[in-house]
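These notes are about the structure you will find just below.
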Amino acid sequence: MKKYISKIAFYAAATLTLAFGFTACEDEPDKFELAGGKPTIYYIRPVNVEAADSLLTGAYMGNSICIVGDNLRSVYKMVFNDQEATLNNSYITDNTILVDVPNEIPGEVSDLIYFITKDRDTVKYEFSVLVPGPVISSMSCEYAAPGTVATLYGDYFVDDPNVPLKLFVGDVEATVKNVTKGAIDFVVPDVEESNIRVTNIYGEAKSAFHYKDTRGLLFDFDGVTGLGNHGWHAQVIESDETSITGKFLRLGGADVTLSEDGGWDDSHFSFEYWPGQWTTPQEYTGDGILLTDLADFSDWENMSLKFEFYVPKSNPWMAGSMQIVFAGRDKVTLAGGLDVFGDEVPGANNSYFNGKELPRGLYTPWYPSGSFDTGDEWITVTVPFTNFIYGSDGTVATGKLTASDFTSLLIFVWSGGYTGTECHPILKLDNIRAVPNK
Numbered sequence: 083m084k085k086y087i088s089k090i091a092f093y094a095a096a097t098l099t100l101a102f103g104f105t106a107c108e109d110e111p112d113k114f115e116l117a118g119g120k121p122t123i124y125y126i127r128p129v130n131v132e133a134a135d136s137l138l139t140g141a142y143m144g145n146s147i148c149i150v151g152d153n154l155r156s157v158y159k160m161v162f163n164d165q166e167a168t169l170n171n172s173y174i175t176d177n178t179i180l181v182d183v184p185n186e187i188p189g190e191v192s193d194l195i196y197f198i199t200k201d202r203d204t205v206k207y208e209f210s211v212l213v214p215g216p217v218i219s220s221m222s223c224e225y226a227a228p229g230t231v232a233t234l235y236g237d238y239f240v241d242d243p244n245v246p247l248k249l250f251v252g253d254v255e256a257t258v259k260n261v262t263k264g265a266i267d268f269v270v271p272d273v274e275e276s277n278i279r280v281t282n283i284y285g286e287a288k289s290a291f292h293y294k295d296t297r298g299l300l301f302d303f304d305g306v307t308g309l310g311n312h313g314w315h316a317q318v319i320e321s322d323e324t325s326i327t328g329k330f331l332r333l334g335g336a337d338v339t340l341s342e343d344g345g346w347d348d349s350h351f352s353f354e355y356w357p358g359q360w361t362t363p364q365e366y367t368g369d370g371i372l373l374t375d376l377a378d379f380s381d382w383e384n385m386s387l388k389f390e391f392y393v394p395k396s397n398p399w400m401a402g403s404m405q406i407v408f409a410g411r412d413k414v415t416l417a418g419g420l421d422v423f424g425d426e427v428p429g430a431n432n433s434y435f436n437g438k439e440l441p442r443g444l445y446t447p448w449y450p451s452g453s454f455d456t457g458d459e460w461i462t463v464t465v466p467f468t469n470f471i472y473g474s475d476g477t478v479a480t481g482k483l484t485a486s487d488f489t490s491l492l493i494f495v496w497s498g499g500y501t502g503t504e505c506h507p508i509l510k511l512d513n514i515r516a517v518p519n520k
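If you're matching positions, the sequence shown starts at 83 in the numbering used here and goes up one per residue.
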């Protein structure tokens with residue numbers, strides 16, 4: 083029976099050994115001299131010294147292995163199936179070669195390593211390159227309209243001619259237009275909320291995200307949650323020929339200028355949702371409920387904020403960061419005063435986010451290229467909550483988030499620590515949601 087090493091454990095062990103076991107070789111790189119003759123291969127083992135007595139007949143792509151033999155300094159080139167490996171002279175001795183298995187999927191599988199000398203003599207050794215099953219990471223737009231072409235991103239999307247790759251949205255097989263190792267273009271079928279599944283010769287994968295995901299939906303701007311502007315500013319909520327699911331939130335505009343330093347302009351670039359009502363005591367009902375009543379944030383460190391996003395080519399975004407700020411009712415509510423929980427809470431204010439204490443996410447896709455648009459298409463943006471670590475100026479915040487801090491939401495294009503170019507951006511957002519990463 084073949085002995086295969088765990089991909090993750092093997093990679094970690096190889097990294098440690100490479101880091102600590104070969105300093106001397108790196109200090110004297112000129113000592114290497116290519117030898118004549120042919121190599122002799124005895125066996126292949128893990129790089130990890132603790133697992134050195136385990137022999138390998140195969141390893142996953144990208145993993146490091148140790149080849150043991152004689153006259154190995156005669157090896158000029160190594161090819162796994164039909165993929166050439168990168169050799170580092172610092173890791174070659176007469177008796178060992180440390181090498182990474184090529185990370186490209188072989189076109190022709192021979193299950194052989196070819197050891198080639200400078201005189202073009204070749205020694206063959208049986209060894210299997212293991213290809214993982216498909217991995218799904220994201221989708222270009224999770225709300226792409228049926229009949230349009232969307233892109234699924236991930237890895238190991240192998241379309242074998244004998245066992246063709248298939249993609250399913252829910253139970254419906256989609257038409258696949260193009261496949262590369264890291265992406266699949268497909269025609270979106272007419273289905274409701276569903277996972278996406280990919281099968282190929284090496285296995286099957288199922289997406290953690292949903293197509294048309296409604297989990298943790300906070301703002302759809304079409305009445306599903308009933309929430310929208312609930313603060314000082316009434317930003318534009320509209321629909322037009324670009325709409326993806328009815329109405330959307332728009333920040334900025336063709337006649338609105340955003341300064342190169344992302345200067346303060348809350349009238350055009352700040353969307354506030356501050357919970358509460360003008361009642362005594364203050365209630366959190368109707369269009370002023372706590373966001374924690376819509377989504378479960380108890381495991382927020384394993385969640386992300388997602389939304390669909392559209393920036394037209396005609397009005398690219400070139401300055402300021404989109405500051406995404408959640409805060410508890412101890413920092414902001416609509417009306418303030420005594421609330422139904424018996425707490426004295428602050429009312430509407432801008433001091434709670436104007437500084438470095440409250441951690442937030444900063445979304446600045448125009449940096450460093452200097453300009454960003456979505457090519458007149460909707461895309462899905464994902465900002466993991468673990469990335470909510472910044473203050474308003476882009477430096478690391480001094481405070482820490484907790485599950486109770488997710489009762490309100492502010493989205494404000496302002497500052498962020500980068501200087502860009504004065505612009506007139508149009509930013510459209512829809513389907514703002516808090517979803518699990520897995």
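Note that beta-carbon positions come from the ideal geometry of N, C-alpha and C, so glycine has one too. As the structure is a prediction and not an experimental result, all values here were calculated from the model.
Just so you know, the alpha carbons of P128 and Y355 end up roughly 55 Å apart. Under the three-state reduction of DSSP, R515 is assigned to strand. DSSP places S490 inside the beta strand (DSSP E), whose first and last residues are S490 to V495. Put simply, the backbone Cα of T489 is about 34 Å away from that of A287. Contact holds between the stretch 317-334 and the stretch 501-515, because three or more Cβ pairs, one in each stretch, are under 8 Å apart. By the 16-neighbour rule on beta-carbons within 10 angstroms, W360 is exposed. Counting the other CB atoms within 10 Å of its CB gives N130 a total of 16 or more, which places it among the buried residues.
The Cβ atoms of S380 and A485 lie closer than 7 Å to each other. Counting along the chain, the unbroken beta strand (DSSP E) around D237 starts and ends at V231 to D237.
In the DSSP assignment, F330 falls within the unbroken beta strand (DSSP E) covering F330 to G334. In this structure, DSSP gives H350 a helical state, which the three-state scheme calls helix.
Contact holds between the stretch 174-185 and the stretch 147-162, because three or more Cβ pairs, one in each stretch, are under 8 Å apart.
For R279, the uninterrupted beta strand (DSSP E) run begins and ends at I278 to N282, by DSSP. Taken through DSSP and simplified to helix, strand or coil, D182 comes out as strand. Taking 8 Å as the upper bound for CB-CB distance, F303 and K329 are in contact here, some 4 Å apart. For E190, the closest alpha carbon among the candidates L372, V213 and K294 is that of V213. In this structure, the beta-carbon distance from S474 to S497 falls below 7 Å. V495 and W448 have their C-alpha atoms roughly 12 Å apart. The DSSP-derived three-state label of R411 is coil. DSSP places S486 within a helical segment (H, G or I) once states are collapsed to three. Taking K395 as reference, the option from T168, E132, T464 and D455 with the minimal CA-CA separation is D455. Contact between P271 and V254 holds: CB atoms are separated by about 4 Å, below the 8 Å threshold. A Cβ-Cβ separation of about 10 Å leaves T230 out of contact with S222 under the 8 Å criterion. Cβ atoms of L416 and G358 come within 8 Å of each other, at about 4 Å.
Taking C-beta separations shorter than 7 Å and ignoring five residues to either side along the sequence, the partners of A516 in its chain run G298, L300, A377, F379, M385 and L387, following chain order.
When secondary structure is reduced to three states using DSSP, F467 falls in the helix class.
In the assembly as shown, P243 is an exposed residue. Its beta-carbon has fewer than 16 other beta-carbons within 10 Å.
By the Cβ-count criterion, V478 is exposed, with fewer than 16 other Cβ atoms from all chains shown falling within 10 Å of its own Cβ.
In the structure shown, L376 falls within a coil segment according to DSSP collapsed to helix, strand and coil. Inclusion of S156 and A117 in the CB contact set at 7 Å is warranted, their separation being smaller than that value. DSSP, read as helix, strand or coil, puts G252 in coil.
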